[in-house]
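Reading through the structure tokens given below for one structure.
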Amino acid sequence: MSNLPPLILASASPRRAAILRALGLSFEVHLSRCQEVAFPDDPVATVGTNARRKARAVQTHHPRALILAADTVVWFQGYVLGKPSTEQQAQEWLLSYAGKCQQVYTAVAFLPPDALEPELRIEATSLRFRHYGAATVQDYLDRVRPYDRAGAYDIHAHGELLIAGRIGSYSNVMGLPRGVVHDWLMSYAAAHTEGQP
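Heads up: the sequence shown is residues 210 to 406, going by this note's numbering.
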């Protein structure tokens with residue numbers, strides 16, 4: 210995809226960066242630093258609003274680039290969960306997941322050069338958690354320290370200790386649905402090479 214404009218990832222997440230590198234993409238990282246919002250009973254509105262805001266904030270610094278921004282939350286028992294604010298909250302969340310199911314929502318905002326509004330794609334993945342107790346939770350937190358992750362866990366880092374099954378995209382749970390990104394960039398590249406020799 211060498212015919213793409215410069216690609217900017219509006220996120221400091223090493224997991225999102227790793228997913229883009231696995232796609233063979235060259236990109237720069239620019240953290241948006243915009244204020245995130247949370248609609249406690251609406252995960253789709255939460256991730257969609259935040260992804261759009263991040264993309265627009267970074268576009269002011271890179272108007273000629275293709276901006277990719279994302280936001281991820283967990284939807285569990287009628288509540289939106291972002292990142293835990295304390296270790297105790299992380300412990301409480303992880304204990305509450307045991308033996309239950311939840312959904313992970315990620316919004317991806319694509320903002321091409323000079324576009325006024327980003328294009329938005331939202332992906333959902335369902336997870337089923339193992340039956341476990343406090344000792345497993347403490348072991349997991351000691352190993353992973355996932356306090357900067359939505360829902361207080363990282364599927365890619367010892368996720369097998371907690372997660373029994375999944376329906377949907379694995380990379381979506383990591384914070385960036387690989388298939389969505391790949392398909393959109395391929396479509397964008399194809400649309401901007403039509404008629405070129």
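Positions of the beta carbon are idealized from the N, C-alpha and C atoms, including for glycine.
By the Cβ criterion, the region 333 to 349 is not in contact with the region 239 to 250, since fewer than three pairs of Cβ atoms, one from each stretch, lie closer than 8 Å. Taken atom to atom, the span from the alpha-carbon of Gln311 to that of Arg354 is near 21 Å. According to the DSSP assignment, Arg387 belongs to the alpha helix (DSSP H) that extends over Arg387 to Ala400.
The region 321 to 328 makes no contact with the region 377 to 390; the number of CB pairs closer than 8 Å stays below 3. Under DSSP, Ser335 forms a beta bridge with Gln312 and Ile376. Ala279 is the residue among Ala279, His270, Ala231 and Tyr397 whose C-alpha sits nearest the C-alpha of Gly257. Assignment of beta strand (DSSP E) within the region 281 to 312, counting only whole runs of 3 or more residues, yields 288 to 290 in chain order. Judged by beta-carbon spacing, Arg273 lies beyond the 8 Å limit of Ser335, meaning their Cβ atoms are not closer than that value.
Here Ala260 is buried, its C-beta having at least 16 other C-beta atoms within 10 Å. Judged by DSSP in its simplified three-state form, Ile228 adopts helix. The C-beta distance from Ala266 to Leu320 rounds to 10 Å, too long to meet the 8 Å contact threshold. Residue range Ala343 to Val353 is occupied by the alpha helix (DSSP H) that includes Leu350. In this structure, DSSP gives Leu329 an extended state, which the three-state scheme calls strand.
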